[in-house]
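Just below is one structure, and these are the notes that go with it.
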Amino acid sequence: MSLNSFTDSFSKKFQELSTQVSQAAQDAQLDKRFKDLSQAVSQRTQDLTTQLPNLAQSTQRIMQEKLGQVTDISQMPQDYVELENRVDRIKLVYENFLKVTQVYENESYDYPSNVRESVNEFSSVVGARLHDLSRAATADEAQSILIAPGPHKDPKTLNYALSKVALTSSEYLNKSSGGQDDELATALLKYSDVQTKIAQARLQQDTLIQTKFNKNLKEALSKDLLAAQTARKNVEHKRLQYDISRANLASAKPEKEASLRVEMEAYEDEFAQATDDAVIVMQQAIQSSAFLKDLHELAVAQLAYHKLSSELLSEFVPQLESTKQEEGEDKPGL
Numbered sequence: 001m002s003l004n005s006f007t008d009s010f011s012k013k014f015q016e017l018s019t020q021v022s023q024a025a026q027d028a029q030l031d032k033r034f035k036d037l038s039q040a041v042s043q044r045t046q047d048l049t050t051q052l053p054n055l056a057q058s059t060q061r062i063m064q065e066k067l068g069q070v071t072d073i074s075q076m077p078q079d080y081v082e083l084e085n086r087v088d089r090i091k092l093v094y095e096n097f098l099k100v101t102q103v104y105e106n107e108s109y110d111y112p113s114n115v116r117e118s119v120n121e122f123s124s125v126v127g128a129r130l131h132d133l134s135r136a137a138t139a140d141e142a143q144s145i146l147i148a149p150g151p152h153k154d155p156k157t158l159n160y161a162l163s164k165v166a167l168t169s170s171e172y173l174n175k176s177s178g179g180q181d182d183e184l185a186t187a188l189l190k191y192s193d194v195q196t197k198i199a200q201a202r203l204q205q206d207t208l209i210q211t212k213f214n215k216n217l218k219e220a221l222s223k224d225l226l227a228a229q230t231a232r233k234n235v236e237h238k239r240l241q242y243d244i245s246r247a248n249l250a251s252a253k254p255e256k257e258a259s260l261r262v263e264m265e266a267y268e269d270e271f272a273q274a275t276d277d278a279v280i281v282m283q284q285a286i287q288s289s290a291f292l293k294d295l296h297e298l299a300v301a302q303l304a305y306h307k308l309s310s311e312l313l314s315e316f317v318p319q320l321e322s323t324k325q326e327e328g329e330d331k332p333g334l
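For the sequence shown, position 9 (counting from the first letter as 1) is numbered 9 according to the UniProt record's numbering, and the numbering increases by one without interruption.
Below, the structure is given as structure tokens:
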């Protein structure tokens with residue numbers, strides 16, 4: 001046999017051996033995965049087999065307690081009940097306030113529902129965009145025009161709507177009245193400016209309420225108060241297990257009393273520990289509650305807004321009254 005033939009034969013056998021080893025490794029890996037999966041399914045089945053009777057007992061016990069069919073129910077200490085009541089009161093106040101103050105997170109909460117962007121405004125925007133596109137010399141310029149932000153729009157609030165209608169009316173009178181309504185046009189222009197400043201103050205108020213009131217309440221509900229609720233649910237679960245174990249022991253046959261007593265004592269310890277843990281968590285939730293501080297932030301934000309609004313209108317109204325007197329009550333016009 002020539003050297004080349006030997007080399008080719010050896011190479012072929014080596015490749016076959018490598019393929020067999022690789023296939024064996026893959027098969028072994030698949031076998032391991034299947035074995036692991038089988039063990040996991042088996043363990044899960046065993047867990048369910050163990051849990052289902054307990055779940056059935058718990059469900060039956062809950063129904064019996066609700067229907068008043070059992071009276072031997074472990075009572076919580078009065079101090080624990082008082083802590084629960086305090087936590088519930090705090091949670092209720094927070095939730096009820098947020099139902100109302102979340103409106104400050106909607107910019108247009110006071111915007112007139114019958115005011116809509118006019119077709120003319122929309123058409124003018126589209127027309128301007130098409131005009132710009134027609135003048136584009138390259139594809140890049142056209143792309144820039146298409147992705148460019150549209151014209152600035154005032155926030156949709158009542159005060160901005162008042163500012164806009166006053167400004168539009170002032171411009172209309174200046175163009176169409178031939179100078180007959182100049183004083184009215186000027187007054188409307190000043191009123192528009194006042195309403196713009198009030199609108200800006202309202203948006204600032206809303207931001208402060210969102211960040212210094214709503215945010216604090218939401219964090220309390222999602223952290224400390226939620227932790228307290230979770231701890232209380234665990235206490236109720238342990239209490240239920242303990243009461244079921246007591247009932248099982250009370251009705252047990254003599255040969256099972258020893259094992260059931262050990263089980264009951266274990267549940268009793270878990271119940272006591274869960275209660276102690278819940279007390280700590282509820283106390284933390286109560287101590288971290290700072291609703292008076294949060295309420296102060298809410299009131300301060302509202303005060304700043306209403307104070308500025310009052311100052312602006314207090315300055316504008318006398319000017320308007322002076323203009324009325326100078327104009328005269330019998331002057332013809334709008």
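Glycine included, each C-beta is placed from N, C-alpha and C at the ideal position.
In this text, all values refer to a predicted model and were calculated from it rather than measured experimentally.
Query raised in the report: Can we say the stretch 262-279 touches the stretch 302-311, given the rule of at least three CB pairs closer than 8 Å?
Result: Segments in contact, no.
**Report entry** Length of the line joining the Cα atoms of L320 and T186
**Finding:** Reading the sequence shown from its first residue, position 320 is the one you call residue 320. Reading the sequence shown from its first residue, position 186 is the one you call residue 186. Rounded to whole angstroms, the separation of the alpha carbons of T186 and L320 is 10 Å.
Report task. Would you mind giving the Cβ-Cβ distance between F97 and L217, rounded to the nearest angstrom? I have them listed as a contact below 8 Å. Result -> In the sequence shown, counting from the first residue as 1, residue 97 sits at position 97. In the sequence shown, counting from the first residue as 1, residue 217 sits at position 217. Contact holds; Cβ gap of about 6 Å.
**Report entry** C-beta contact flag for Q229 and F271 at 9 Å
**Finding:** Position 229 of the sequence shown holds residue 229. Position 271 of the sequence shown holds residue 271. No, the Cβ-Cβ distance between Q229 and F271 is not below 9 Å.
Report task. Answer with buried or exposed for Q15, where buried requires no fewer than 16 other C-beta atoms within 10 angstroms of its C-beta. Result -> Stepping through the sequence shown from its first residue, residue 15 is reached at position 15. It is exposed - the Cβ of Q15 has fewer than 16 other Cβ atoms within 10 Å.
Query raised in the report: DSSP on Y80, reduced to helix/strand/coil?
Result: Translated into the one-based positions of the sequence shown, residue 80 becomes position 80. Assignment of Y80 by DSSP, reduced to helix, strand and coil, places it in the helix class.
Query raised in the report: Is I209 helix, strand or coil by DSSP?
Result: Locating residue 209 in the sequence shown gives position 209, counting from the first residue. Residue state, collapsed to three classes: helix.
Query - alpha helix (DSSP H) segments (min. 4 residues) lying fully within the stretch 153-219 - result: With a minimum length of 4 residues, the continuous alpha helix (DSSP H) runs that stay inside the stretch 153-219 are 158-176 and 182-209.
Query - S176 beta carbon less than 9 Å from that of K188 - result: Position 188 of the sequence shown holds residue 188. Position 176 of the sequence shown holds residue 176. It is worth fixing the name first, because residue 188 is Leu in this sequence and not Lys. Contact flag unset, no.
Query raised in the report: Which two residues bound the contiguous alpha helix (DSSP H) that contains Y242?
Result: Here residue 242 corresponds to residue number 242 of the sequence shown, with the count starting at 1. D224 to A250 is the span of the alpha helix (DSSP H), which, as asked, contains Y242.
Query raised in the report: Whose CA, out of K153, V279 and R33, lies closest to the CA of S85?
Result: Here residue 85 refers to the residue found at position 85 of the sequence shown. Before going on, a small fix: residue 85 reads as Asn here, not Ser. Residue nearest to N85 within the set K153, V279 and R33 is V279 (criterion: CA-CA distance).
Report task. Quick one: using the 10 Å Cβ neighbour count with 16 as the cut-off for buried, is T157 buried or exposed? Result -> In the sequence shown, the residue the question calls residue 157 occupies position 157. It is buried - the Cβ of T157 has at least 16 other Cβ atoms within 10 Å.
Query raised in the report: Would you call the stretch 158-168 and the stretch 193-202 in contact, with 3 or more CB pairs under 8 Å?
Result: yes
**Report entry** Cβ shell of Y94 (< 8 Å), same chain only, five flanking positions each side left out
**Finding:** Looking up residue 94 in the sequence shown gives position 94. L217, A220, L221, L225 and F291, listed in sequence order.
Query - Where T275 falls: helix, strand or coil (DSSP) - result: Locating residue 275 in the sequence shown gives position 275, where the first residue counts as 1. In the structure shown, T275 sits in a helix (DSSP, three-state: H, G or I).
**Report entry** Inter-residue CB distance, L83 and F213 (contact presumed, cutoff 8 Å)
**Finding:** Sequence index remark: in the sequence shown, residue 83 carries index 83 (1-based). Sequence index remark: in the sequence shown, residue 213 carries index 213 (1-based). With 8 Å as the limit, L83 and F213 do not qualify as a contact, their Cβ atoms being about 26 Å apart.
Report task. Given a cut-off of 9 Å, decide if A56 and L208 are closer than it, judged by their beta-carbon atoms. Result -> Position 208 of the sequence shown, counted from the start, is the residue given in the question as residue 208. Position 56 of the sequence shown, counted from the start, is the residue given in the question as residue 56. In this structure, A56 does not lie closer than 9 Å to L208 by Cβ.
Query raised in the report: Less than 9 Å separating the beta-carbons of A199 and H237?
Result: Taking the first residue of the sequence shown as position 1, residue 199 is located at position 199. Taking the first residue of the sequence shown as position 1, residue 237 is located at position 237. No; because the gap between Cβ atoms is not below 9 Å, this pair is not in contact.
Query raised in the report: Beta-carbon separation of V87 and R232 under 9 Å?
Result: Your numbering for residue 87 matches position 87 in the sequence shown. Your numbering for residue 232 matches position 232 in the sequence shown. Yes, they are a contact pair.
**Report entry** Backbone CA spacing between E257 and L249 [nearest angstrom]
**Finding:** The residue given as residue 257 occupies position 257 in the sequence shown. The residue given as residue 249 occupies position 249 in the sequence shown. Approximately 6 Å, taken between the alpha carbons.
**Report entry** Segments of 4+ residues assigned as alpha helix (DSSP H) that fall wholly inside the stretch 272-317
**Finding:** Here no run is fully enclosed.
Query raised in the report: So N159 and R89 are in contact, right, with Cβ under 8 Å, and what is the actual spacing, rounded?
Result: Position 159 of the sequence shown holds residue 159. Position 89 of the sequence shown holds residue 89. Actually they are not in contact, since the Cβ atoms of N159 and R89 sit about 37 Å apart, beyond 8 Å.
Query raised in the report: Does the beta-carbon distance from F316 to Y191 come in below 9 Å?
Result: Mapped onto the sequence shown, residue 316 falls at position 316. Mapped onto the sequence shown, residue 191 falls at position 191. Yes. Within cutoff.
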